[in-house]
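Quick note on numbering: this note's numbering labels position 156 of the sequence shown as 995, and the sequence is numbered without any gaps. This report concerns only the one structure given below.
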Amino acid sequence: MSLFDSARFRTSAASIAQLPGAGLPEIAFAGRSNAGKSTTINVLTRQGRLAFASKTPGRTQLINFFALSRRLPQSTPQKPLREDVGFLVDLPGYGYAKAAAETRSGWSELIAGYLANRPSLTGIVIVMDARRPFMPADEWLIEFFSSRSHVRQLWLINKCDQIKKAERASVLAKARSRAQSLGEHVSVQLFSGLKKEGVEELQATLLSWIDPDGRLSAAPAGN
Ligand SMILES: Nc1nc2c(ncn2[C@@H]2O[C@H](COP(=O)(O)OP(=O)(O)OP(=O)(O)O)[C@@H](O)[C@H]2O)c(=O)[nH]1
Ligand SMILES: [Mg+2]
840 MSLFDSARFR TSAASIAQLP GAGLPEIAFA GRSNAGKSTT INVLTRQGRL AFASKTPGRT
900 QLINFFALSR RLPQSTPQKP LREDVGFLVD LPGYGYAKAA AETRSGWSEL IAGYLANRPS
960 LTGIVIVMDA RRPFMPADEW LIEFFSSRSH VRQLWLINKC DQIKKAERAS VLAKARSRAQ
1020 SLGEHVSVQL FSGLKKEGVE ELQATLLSWI DPDGRLSAAP AGN
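Here it is, written out as structure tokens:
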């Protein structure tokens, strides 16, 4: 059982003032509206309906926090004891054209405010549609975090089921050489939430971010 199976909805924030206190490591999922952020969280955590995914762009309008936890060694079936070890954070998508301008700027403020000022932000998964990766808003995020190398980046080239094999290879090779030129804090992979491709690679990367010493992955079965 992976640590990500333990994810449980914890809280939502509609404004910066509503953000929970920063503490444990957080991994944020950012990307254009409809890129598949919520679906990726559901696949990663093996919980079909944890994060709300939808055909309608703009589905996620709040910042949603999902707690990851581990069972404590002194836990018993009669008295289960768990401790939180980190959070997955589902962000509203950027660039949702149909939203009213006012709502749109409110969202951007919320997302930018969270990403730019969150001390517990350990890493960011930039979810992109393989048919049109690296759009201007993605580039803005990449640029913003490139000089902040304490925040890891994973460029998740999602919906790879929608492109041909040869194109997958070329998209990945190009992105990989670019990621390498930025430094060790940037990585890239192909993913398909629909076909559940790339899930183990995603889990391994995210686990290395929140658990660099491998203590959580070595926990006994049932955690
Ligand atoms: N073909 C394909 N479709 C996918 C994949 N991942 C997600 N989708 C579809 O893309 C649509 C959007 O998915 P969401 O996970 O809601 O996207 P989101 O990025 O959370 O969207 P917002 O919350 O609006 O920002 C849904 O119809 C999903 O079923 C994938 O890997 N392949
Ligand atoms: Mg969403």
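Quick reminder that beta carbons are idealized off the backbone N, C-alpha and C, glycines included.
field: A861: CB within 7 Å of a non-hydrogen atom of ligand 2
entry: Against the sequence shown, residue 861 aligns to sequence position 22. Not one heavy atom of ligand 2 sits closer than 7 Å to the Cβ of A861.
- prompt: With 16 as the cutoff for other CB atoms within 10 Å, does N873 come out buried or exposed?
  reply: Within the sequence shown, residue 873 is the residue found at index 34, counting from 1. Its Cβ being crowded by 16 or more others within 10 Å, N873 is buried.
query: Between the C-alpha atoms of R849 and V928, what's the straight-line distance to the nearest angstrom?
result: Position 10 of the sequence shown holds residue 849. Position 89 of the sequence shown holds residue 928. A straight-line Cα-Cα distance of about 10 Å links R849 and V928.
task: Would you decide whether S988 is buried or exposed? Buried here means 16 or more other CB atoms lie within 10 Å of its CB.
output: Within the sequence shown, the letter at position 149 stands for residue 988. With fewer than 16 other Cβ atoms within 10 Å, it is exposed.
message: Am I right that A892 and T878 are in contact with their C-beta atoms under 8 Å? What's the rounded C-beta distance?
response: For the purposes of this step, residue 892 is identified with residue 53 of the sequence shown, where counting begins at 1. For the purposes of this step, residue 878 is identified with residue 39 of the sequence shown, where counting begins at 1. Confirmed, about 4 Å.
- prompt: Cβ-heavy atom distance between T961 and ligand 1 below 7 Å?
  reply: As a working mapping, residue 961 is identified with position 122 in the sequence shown. In this structure, T961 has its beta carbon at no less than 7 Å from each heavy atom of ligand 1.
task: Report yes or no: do the segment 851-870 and the segment 909-916 share at least 3 C-beta pairs separated by less than 8 Å?
output: No, they do not touch.
- prompt: In chain order, which continuous runs of the alpha helix (DSSP H) of length 4 or greater are located wholly inside the segment 866-914?
  reply: Uninterrupted alpha helix (DSSP H) stretches at least 4 residues long and entirely within the segment 866-914 occur at 876-884, given in chain order.
message: Whether or not the segment 975-984 and the segment 996-1016 are in contact is what I'm after, with contact meaning three or more pairs of Cβ atoms, one per stretch, closer than 8 Å; do they touch?
response: They do not touch, by the three-pair rule.
task: Would you identify the three-state DSSP class for I1002, choosing helix, strand or coil?
output: Here residue 1002 corresponds to residue number 163 of the sequence shown, with the count starting at 1. DSSP places I1002 in coil when its eight states are reduced to three.
query: Residue range of the alpha helix (DSSP H) that F983 falls in?
result: Translated into positions along the sequence shown, residue 983 becomes position 144. Annotation: the continuous alpha helix (DSSP H) that includes F983 extends over P975 to S985.
- prompt: Which value, in whole angstroms, describes the spacing of the CA atoms of A1060 and P975?
  reply: Against the sequence shown, residue 1060 aligns to sequence position 221. Against the sequence shown, residue 975 aligns to sequence position 136. Low confidence applies to A1060: its pLDDT is 47, below 50, so where it sits in the model is not reliable enough to give any reading.
message: Quick check on this structure: which residue in L1021, G1053, D1000 and L883 has the alpha carbon closest to the alpha carbon of V990?
response: Position 151 of the sequence shown, counted from the first residue, corresponds to residue 990. Nearest option by C-alpha distance: L1021.
message: Short of 6 Å in beta carbon distance, which residues of its chain neighbour F904, apart from the five on each side in sequence? Order them along the chain.
response: Position 65 of the sequence shown, counting from 1, holds the residue named residue 904. So the list reads R849, T850, F926 and V928, once near-sequence residues are dropped.
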